[in-house]
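**Student:** Heads up: the sequence shown at position 121 corresponds to 121 in the UniProt record's numbering, and the numbers run straight through without jumps. For each residue, glycine too, the CB sits at the ideal point set by N, CA and C.
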Amino acid sequence: MTLPGARPTWLTFDCYGTLIQWDEGLLAAMERILSAKGGDIDQQTFIAVYDRHEHALEAERPHRTFADVSALALERAMVEFGLPFDAADAEILTSSIGKMPPFPEVVATLERLKAAGFRLAIISNTDDAIIAGNVTQLGSSIDRVITAEQAGAYKPSGQTFRYAWKSLGINMDDLVHICASPHLDLAAARELGFRTVWVDRGTGRKPLSDYQPDARVPTLDKVPAVFAAAGWM
């Protein structure tokens with residue numbers, strides 16, 4: 001697929017699952033939490049329940065911080081599994097997020113895109129304090145970090161993206177959004193109409209049945225070739 005439109009000024013990125021190893025990090029955190037509770041609970045099954053509660057809480061109003069959302073989602077999931085919840089469990093989860101590392105190819109690819117003249121921003125469903133540790137691991141290529149805490153809304157809400165574009169001083173034709181989440185980022189692109197590159201890392205997350213991204217790559221280091229084909233690099 002050839003990307004449509006003019007060369008963008010900004011590249012915006014989802015963070016967790018796109019740049020940062022979210023699935024791996026979340027599995028490790030849940031294993032640590034659940035192993036202290038005893039019993040024999042499959043972490044993947046537990047995470048699916050946690051995710052259901054997390055996404056429901058993110059859609060509620062008034063807006064909660066991600067620290068509060070993750071703690072409440074964890075508590076509700078543990079209640080569902082008949083497990084005792086302690087505030088220390090939520091601390092294990094939130095403190096682990098900022099320590100989750102980038103995928104191996106990410107830092108070098110961001111540096112390459114930066115050197116090609118693009119400006120780089122993250123748009124993430126998290127809090128400023130939580131994502132700070134991840135951004136540090138990404139090096140010096142990221143120009144801006146925009147969070148759900150700043151926007152007062154979580155993706156796939158259009159409010160999150162419109163806040164980001166206003167903060168960057170651009171409109172959606174001035175960017176390409178690079179992401180791994182079909183049901184958050186690609187769902188927003190379907191509604192709002194901005195250009196996307198889907199990083200399909202083989203997690204099993206399915207594309208939306210009624211939306212096709214402008215390009216699809218297996219890892220971030222394939223993005224420069226897509227941009228070269230468009231005449232942007």
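1) Residues in its own chain within less than 6 Å of residue 53 by CB, not counting five upstream and five downstream?
2) Helix or strand or just coil, what does DSSP make of residue 124?
3) What does DSSP give as the partner residue(s) for residue 178 in the beta ladder?
4) Helix, strand or coil: how does DSSP classify residue 20 here?
5) Counting beta carbon pairs with one atom in the segment 188–199 and one in the segment 211–227, are three or more of them shorter than 8 Å?
6) So for residue 215, helix, strand or coil by DSSP?
7) Suppose contacts are defined by Cβ-Cβ distances below 8 Å. Is residue 27 in contact with residue 41 by that definition?
8) Should the segment 79–90 be called in touch with the segment 170–189, which here means at least 3 C-beta pairs below 8 Å?
9) Can you name, in chain order, every residue of its own chain whose Cβ lies under 8 Å from the Cβ of residue 268, other than the five neighbours on each side?
10) With DSSP collapsed to three states, give me the class of residue 41.
11) Since I believe residue 224 is in contact with residue 144 (beta carbons under 8 Å), could you give me their beta-carbon distance rounded to a whole number of angstroms?
12) Look at the Cβ atom of residue 18, then the Cβ atom of residue 180, and state whether they are nearer than 8 Å.
13) Does the distance from the C-beta atom of residue 125 to that of residue 58 stay below 8 Å?
14) With respect to the alpha helix (DSSP H) encompassing residue 65, which residues constitute its N-terminal and C-terminal limits?
15) Residues bridged to residue 145 by DSSP?
16) Just checking, does the segment 99–111 make contact with the segment 58–72 on the three C-beta pairs under 8 Å criterion?
17) Is DSSP giving residue 102 helix, strand or coil here?
18) Checking 8 Å against the spacing of the C-beta atoms, do residue 184 and residue 141 come in under that value?
19) Could you tell me the distance, in whole angstroms, from the CA atom of residue 50 to the CA atom of residue 30?
20) Under a Cβ-count criterion, where at least 16 other Cβ atoms within 10 Å of its own Cβ denotes burial, should residue 106 be classed as buried or exposed?
21) Determine the direct distance from the alpha carbon of residue 148 to that of residue 127, and round the result to whole angstroms.
22) Which first and last residues belong to the alpha helix (DSSP H) in which residue 5 is found?
**Tutor:** The relevant details are as follows:
1) 73, 76, 77
2) strand
3) 13, 197
4) strand
5) yes
6) strand
7) no
8) no
9) Residue 268 lies beyond the stretch modelled for the chain, which goes from 1 to 233, so this question has no answer here.
10) coil
11) No, residue 144 and residue 224 are not in contact; Cβ-Cβ is about 21 Å, not under 8 Å.
12) yes
13) yes
14) Note, residue 65: premise wrong, no alpha helix (DSSP H); not H, not E.
15) 122
16) no
17) strand
18) no
19) 10 Å
20) buried
21) 6 Å
22) That residue, residue 5, is in no alpha helix (DSSP H); it is neither H nor E in DSSP.
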